[in-house]
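Top line first, the protein sequences correspond to chains U and E. Note that the numbering used here has the first sequence beginning at 83, numbered continuously upward. Note that the numbering used here has the second sequence beginning at 158, numbered continuously upward.
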Amino acid sequence: MTAVAEQIGAWLEQFTKQPKAEPWVQALREAAFQRFSELGFPTTHDEEWRFTNVSRVVGQRHALPSLPDALPVPPPEAQAYLAKHADFQKNAFVALNTAFLNGVHFTRVPRGKMIEQPIEISYVGGQGMRNARTVALPHRTLVVVGADAHCTIVESFKGSGSYFTNAVTEIVVGDSAVVDHYKIQEESREAFHIATMQVTLGRSANFTSHSISIGGALVRNDANVTLSEGTEATLNGLYIVNGTQHVDNHTQIDHAKPHGTSHEVYKGILDGRASAVFNGRIIVRKDAQKTDSKQTNKNLVLSDDAVIDTKPELQILADDVRCTHGATIGQLDAESLFYLQSRGIGKSQARDVLTYAFAQDIIDRVKVPALKDHLETVLFEKFHERAE
Amino acid sequence: MALIEIKDLHARVGEREILKGIDLTVNPGEVHAIMGPNGSGKSTLAQVLAGRELYQVTGGEVVYMGKDLLAMAPEDRAREGIFLAFQYPVEIPGVSNMYFLKAALNTVRKHQGLPELDAMDFLNLVREKMKLMDMEQTLLNRSVNTGFSGGEKKRNEIFQMAVLEPRLAILDETDSGLDIDALRIVAGGVNALRSPERSMIVVTHYQRLLNYIVPDFVHVLSEGRIVKSGGKELALQLEESGYAGLGIEDEEEAVGKA
């Protein structure tokens, strides 16, 4: 048997052991598993996974958690949305997640409703090994926001020890609704985290995503956003890696209709022998005239051994659009360091202050005060902040 | 005892030798002006004294308060009381002026065996010094020099100097880019800091600044060496006859004549 067949066989064993679900869920699972077995896990020969080798994730034997998700089974009203947005035809990990669909964190915000308190969704990994196998966690989130509604969603991922988070989040936003989404990834340093967020936006909707990626041994975040007419989408991202961490952010902003605006700023801080990938795809479809799209990726590389691969990917089919993109890779500015030192601030503290400052504008965009405080504390500690 | 003694100082950047043997002694309370045409090495001298690593010292020595200055890291020089007012103050987005200055002041105070200032005392001190420089207090909450006008940046330098109270202040072309009102304010701030213990090295291309900050000594730098020294009247002489009057070619003027 080939390695691929072996991997799929191991998952098939888990799949057949699952208790049967509601017929519509079971049908989804089976279609997804079928697709998963056709796709197999990606290798670095796949363009989408060129810089992220998942063999150490998928090469392990996995088990599902002993308590199959404390999350409720999907209610019938979820049927119209679930797996309708996150496409399991193309992505093996989405297919695998869907094949093991069990509990779903399902939130529905009714039309016109303004929810001030953030909707907090917290996933905690790390129940240890199960039968000497790494536990795989097929987290599933579905948020359906009605027209004209306002809400804030905070998804956080934490844990301890070794485990494999395989998360799929679907967010469906109605016309003129306003949604702020935060993803705070602070997984354990031994954990694998592979996640897809699929967002479908209605006319004149306003969506902001904040993706903060700090933890994990190997992390892959896919954030895909499809815009409609007059939609505004903002994607803010911050990734901080050191040691041997690897983080891969793939974003896809799909301007499907005219008059859409998208702003994307992803910043990365790399130290040690860490590696990071940023791949920002922007699609402007033929009909999507008057699209205004701006993409920026900035990287601060603090060591000689860290590696960053950054790539914009623009597919523009309309002719009356404005699309800009830019990527930078740099070190701490020598003049700024000298300026701080010339005022008495020690070199290592000056480095920490400047590193923190690099991340500051992304943190400043966080509008949930408790979350902002938390992130400031985490970053302060991370950069050994001592001055205050 | 001299506060600082510079002896036969040589420095280069890359392959280019810029300072070719500088000798200068500054005693406590003295104000020395260093004048010279563009490219004469004035700014290099200022930066070398502050410890900028870009410049490589290839010869000579600098004794500051009895210590080997050139062996000290830039932050240690600052803690020992050296302050450089930058010709081009650096913008640092993401670091607030307030945070920056408090960190700097408390590091310097700690080094001098003084207790750190708490938030209240710090704010009071800062308010008083801002008034002296006619600065808006909102500048405190903005990122260091970020989006400041040229004049605001230069005022911010002297404001920092007023807060840090150095023993030796080095002003690098503090007058460049200032209109006459801003120049008066900046010079007023500098003059308020003159004292019998504090010394200053004022680097400038033009005599104008020296009408406001009157030096005890004037030195003329050309091609990396001090070619003439004198009292404040030397600056006036330069104003009348230009550097050419001393037989020194000024790049800027040369271009003007051509």
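No residue lacks a Cβ here, since even glycine has one placed at the ideal position from N, Cα and C. Given the structure is predicted, the values throughout are model-derived calculations rather than measurements.
Closer than 8 Å to chain U by CB, residue i
| i | result |
| --- | --- |
| residue 405 of chain E | no |
| residue 321 of chain E | yes |
| residue 249 of chain E | yes |
| residue 243 of chain E | yes |
| residue 169 of chain E | no |
| residue 355 of chain E | no |
| residue 194 of chain E | no |
| residue 264 of chain E | yes |
| residue 312 of chain E | no |
| residue 203 of chain E | no |
| residue 232 of chain E | yes |
| residue 236 of chain E | yes |
| residue 269 of chain E | no |
| residue 252 of chain E | yes |
| residue 209 of chain E | yes |
| residue 414 of chain E | Reliability of the predicted coordinates at residue 414 of chain E is poor, the pLDDT of 38 falling under 50, and no value is obtained from them. |
| residue 260 of chain E | yes |
Own chain, CB closer than 6 Å to residue i, minus 5 neighbours either side, in chain order
| i | result |
| --- | --- |
| residue 220 of chain E | 162 |
| residue 335 of chain U | 307, 344 and 364 |
| residue 463 of chain U | none |
| residue 173 of chain E | none |
| residue 234 of chain U | 200 and 262 |
| residue 380 of chain U | 349 and 410 |
| residue 330 of chain U | 134, 302 and 359 |
| residue 279 of chain U | 251 and 305 |
| residue 175 of chain U | 248 and 276 |
| residue 419 of chain U | 432 |
Cβ-Cβ distance between residue i and residue j below 8 Å
| i | j | result |
| --- | --- | --- |
| residue 156 of chain U | residue 146 of chain U | no |
| residue 307 of chain U | residue 284 of chain U | no |
| residue 187 of chain E | residue 356 of chain E | yes |
| residue 161 of chain U | residue 93 of chain U | no |
| residue 238 of chain E | residue 297 of chain E | no |
| residue 223 of chain U | residue 247 of chain U | no |
| residue 191 of chain U | residue 227 of chain U | yes |
| residue 316 of chain U | residue 360 of chain U | no |
| residue 329 of chain E | residue 242 of chain E | yes |
| residue 295 of chain U | residue 303 of chain U | yes |
| residue 251 of chain E | residue 465 of chain U | no |
| residue 144 of chain U | residue 216 of chain U | yes |
| residue 448 of chain U | residue 454 of chain U | yes |
| residue 360 of chain E | residue 370 of chain E | no |
| residue 168 of chain E | residue 201 of chain E | yes |
| residue 338 of chain U | residue 371 of chain U | no |
| residue 344 of chain E | residue 427 of chain U | no |
| residue 193 of chain U | residue 218 of chain U | no |
| residue 203 of chain E | residue 234 of chain E | no |
Cβ shell of residue i (< 8 Å), same chain only, five flanking positions each side left out
| i | result |
| --- | --- |
| residue 392 of chain E | 190, 192, 364, 367, 372 and 375 |
| residue 386 of chain E | 374, 375, 376 and 377 |
| residue 413 of chain E | Residue confidence is low: residue 413 of chain E scores 40 on pLDDT, short of 50, so the model does not pin down where it sits. No coordinate-derived value is stated. |
| residue 291 of chain E | 312 and 342 |
Own chain residues within Cβ distance below 7 Å of residue i, not counting five before or after
| i | result |
| --- | --- |
| residue 202 of chain U | 236 |
| residue 236 of chain E | 264, 265 and 268 |
| residue 177 of chain U | 114, 117, 118, 121 and 170 |
| residue 242 of chain U | 208 and 270 |
| residue 349 of chain E | 289 |
| residue 368 of chain U | 399 and 400 |
DSSP bridge partner residues for residue i (one or two, in chain order)
| i | result |
| --- | --- |
| residue 381 of chain U | U:350 and U:411 |
| residue 282 of chain U | U:254 and U:308 |
| residue 212 of chain U | U:215 |
| residue 315 of chain E | DSSP, once it has assigned bridges, lists no residue as partnering residue 315 of chain E. |
| residue 190 of chain E | E:359 and E:375 |
| residue 374 of chain U | U:343 and U:404 |
Below-8 Å beta-carbon distance, residue i vs any chain E residue
| i | result |
| --- | --- |
| residue 465 of chain U | no |
| residue 425 of chain U | yes |
| residue 264 of chain U | no |
| residue 191 of chain U | no |
| residue 435 of chain U | yes |
| residue 442 of chain U | yes |
| residue 429 of chain U | yes |
| residue 439 of chain U | yes |
Should the region 170-182 of chain E be called in touch with the region 394-412 of chain U, which here means at least 3 C-beta pairs below 8 Å? Contact fails between the region 170-182 of chain E and the region 394-412 of chain U, because fewer than three Cβ pairs, one in each stretch, are under 8 Å apart.
Give a yes or no on contact between the region 164-180 of chain U and the region 200-216 of chain U, applying the rule of three or more CB pairs nearer than 8 Å. By the Cβ test, the region 164-180 of chain U is not in contact with the region 200-216 of chain U, since fewer than three Cβ pairs between them sit closer than 8 Å.
So does the region 300-307 of chain E actually touch the region 315-331 of chain E, counting three or more Cβ pairs closer than 8 Å? The region 300-307 of chain E vs the region 315-331 of chain E: no contact.
Count Cβ pairs between the region 350-357 of chain U and the region 381-389 of chain U that sit closer than 8 Å; are there 3 or more? Verdict: yes, contact present.
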